[in-house]
Amino acid sequence: MTSGHSVPGKASFAEAYEQPDPRGYFRALGPYEYVTPHHAQRVFRLLTAAREPRTVVDLCCSYGINAALLNHQLTLTELYHRYTDPALDDLSTPELSLRDRQFYAARRRPEAVPVIGIDVASGPVEYARRAGLLTAAFAENLERAAPSPALRATVADAGLVTVTGGVGYVSARSFDRLLACVDSPPWVAAFVLRAVPYGPIAEVLAEYGLVTERLARTFRQRRFTGIEERAGTLRAVLDAGLDPAGLESEGWFHAELYVSRPAPQVRARPLATLLRADT
């Protein structure tokens with residue numbers, strides 16, 4: 102999707118996101134210890150447990166990794182091991198998707214919820230659907246066009262919108278177009294790099310009656326790929342009026358968690374309480 106706000110010098114993993122199956126993705130990101138889906142797993146499980154309706158819309162879903170971790174007895178480490186295993190190298194994409202469908206079905210949690218995936222990349226989102234991770238899958242670019250009639254109908258009763266790595270590639274425009282499709286404003290949970298402003302998105306969410314809270318801690322995203330990415334990120338963090346000491350200065354991107362809900366629900370259960378304060 103079109104970038105809403107990019108971090109100067111940030112490495113591109115576009116090729117890894119455009120493969121027909123997840124093997125290239127995990128091999129590309131593994132050396133840099135990309136871990137945001139690990140953090141999101143517990144958060145999204147707690148939010149879905151507290152929310153009705155429980156249907157999730159995962160924006161920028163790529164290969165359905167958030168859905169895999171939300172709905173199955175699996176860890177992110179296990180997914181890295183699976184998709185970098187040389188034993189899978191000779192499988193075609195259809196063969197791998199069939200094995201994955203069986204793999205995930207055997208690990209499905211009783212508490213599993215429907216997940217609708219949206220991503221501009223058609224290959225990954227279709228793979229996630231074939232592997233049984235997504236209830237419905239849409240390859241649409243909400244930065245450039247309004248949702249299709251099929252997408253509008255499918256997300257109408259969504260209870261939670263999630264995004265882990267997409268903010269900065271999608272802007273407030275995508276959130277506006279998505280929430281306009283939902284009958285009753287859903288909760289929105291987003292992990293966002295510290296150098297990327299979330300204010301414009303929070304302002305749009307407020308138009309739908311949602312109050313945005315930020316959890317008072319950060320989460321490691323991944324290691325920097327090199328000197329250029331580190332320098333660009335440190336500049337962006339400082340330009341945002343933030344202190345990188347002990348965070349980005351240690352060689353890692355850091356993300357913050359924003360959760361948006363209707364005001365009465367925020368007053369009744371503040372975010373730290375909702376997430377049991379130990380997230």
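The working numbering runs 101 ahead of the 1-based position in the sequence shown. The C-beta atom is built at its ideal place from N, Cα and C for all residues, glycine as well.
Distance, Cα to Cα, alanine 115 vs leucine 130?
If you take the alpha carbons of alanine 115 and leucine 130, they lie about 11 Å apart.
If you check the beta carbons only, do cysteine 162 and aspartate 220 fall under 9 Å apart?
It is a contact, given that the beta carbons lie within the stated cut-off.
Counted within 10 angstroms of its Cβ, other Cβ atoms place alanine 337 as buried (16 or more) or exposed:
Burial call: buried.
Histidine 139 to isoleucine 166 span [Cα, whole Å]:
CA-CA distance, histidine 139 to isoleucine 166, rounds to 10 Å.
Indicate the three-state DSSP secondary structure (helix, strand or coil) for valine 297 in the structure shown.
coil
From what residue to what residue does the beta strand (DSSP E) around valine 226 run?
Here valine 226 belongs to no beta strand (DSSP E); instead the alpha helix (DSSP H) covers 223 to 231.
Quick check: the region 254 to 268 against the region 286 to 304, are at least 3 beta-carbon pairs closer than 8 Å?
yes
From Val157, Tyr135, Arg230, Gly224, pick the residue whose C-alpha is nearest to that of alanine 206; which is it?
Arg230
Bridge partners - serine 361, DSSP secondary structure assignment
Val289, Thr313
DSSP three-state assignment for alanine 373, whether helix, strand or coil:
helix
Valine 144 versus arginine 377: straight-line alpha-carbon distance, rounded:
One C-alpha to the other measures close to 10 Å.
Does valine 367 come out as helix, strand or coil in the three-state DSSP assignment?
helix
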